[in-house]
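The structure appears right after this line, and notes come after that.
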Amino acid sequence: MRRDARGFTLIELMTVVAIIGILAAISLPAYNGYRVRSAENACLAEMEAYAGISLAVIRNGDAPDAAPRAACQNADDATAEGVAISGTPLAPGDRQAVCNMTTGDCQLE
Numbered sequence: 018m019r020r021d022a023r024g025f026t027l028i029e030l031m032t033v034v035a036i037i038g039i040l041a042a043i044s045l046p047a048y049n050g051y052r053v054r055s056a057e058n059a060c061l062a063e064m065e066a067y068a069g070i071s072l073a074v075i076r077n078g079d080a081p082d083a084a085p086r087a088a089c090q091n092a093d094d095a096t097a098e099g100v101a102i103s104g105t106p107l108a109p110g111d112r113q114a115v116c117n118m119t120t121g122d123c124q125l126e
């Protein structure tokens, strides 16, 4: 009498679990790096936009609004032309976004 085979064997299931574990071990460090760069670039973009608008407002003789704090946990308010401002990204970001308020250029440091 012949028995119908149904389902997967234990060896097949263990092989699939091992492959998934290997793929996860390879991809997690890359994923964490993407998270850090994403947080830093979001803060940089926020500070670049704020610096550009604030520089135009200051040159127009008005006082700029407070710095937004959506992607940056700490952001300096623009006070005058020529005074650098900076923003610290939300975790897991490390590098600060620093903006030159003479030119409006920003970079990560």
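Numbering (the numbering used here), first residue to last: 18 to 126.
Virtual Cβ for every residue (Gly too), placed ideally from N, Cα, C.
The model shown is predicted, which means the values in this text are computed figures rather than measured ones.
Which first and last residues belong to the beta strand (DSSP E) in which residue i is found?
{"i": "N58", "result": "Not the beta strand (DSSP E): N58 falls in the alpha helix (DSSP H), residues 27-76."}
{"i": "L107", "result": "It is not in any beta strand (DSSP E) - L107 carries neither H nor E in the DSSP assignment."}
{"i": "A114", "result": "114-116"}
{"i": "A92", "result": "89-92"}
Take residue i and list the residues in its own chain whose beta-carbon comes closer than 8 Å to its own, dropping the five residues that flank it on each side.
{"i": "A83", "result": "D94"}
{"i": "D111", "result": "V53, E57"}
Give me, in chain order, the residues of the same chain whose beta-carbon lies closer than 7 Å to that of residue i; leave out the 5 immediate sequence neighbours on both sides.
{"i": "A87", "result": "E63"}
{"i": "R52", "result": "P109"}
{"i": "T134", "result": "The structure shown has nothing for residue 134, since the chain only spans 18 to 126."}
{"i": "G121", "result": "A68, G69, L72"}
{"i": "G78", "result": "none"}
Mind reading off the beta-carbon distance from residue i to residue j? Whole number of angstroms is fine, and I expect it under 8 Å.
{"i": "A114", "j": "L61", "result": "4 Å"}
{"i": "T105", "j": "C123", "result": "Wrong, their Cβ atoms sit about 13 Å apart, outside the cutoff."}
Excluding five sequence neighbours on each side, which residues of the same chain lie with their C-beta closer than 6 Å to the C-beta of residue i?
{"i": "L45", "result": "none"}
{"i": "R76", "result": "none"}
{"i": "C116", "result": "M64, A68, I102, C123"}
{"i": "A59", "result": "A88"}
{"i": "V74", "result": "P81"}
With 8 Å as the threshold, decide whether the Cβ of residue i is near any Cβ in chain C.
{"i": "G50", "result": "No chain C appears in this structure, which consists of one protein chain only."}
For this session: Examine the Cβ distances between the segment 67-85 and the segment 94-110 and report whether three or more of them are shorter than 8 Å.
Result: yes
Exercise. Is there contact between the segment 73-83 and the segment 21-35, where contact requires at least three CB pairs shorter than 8 Å?
Worked result: no
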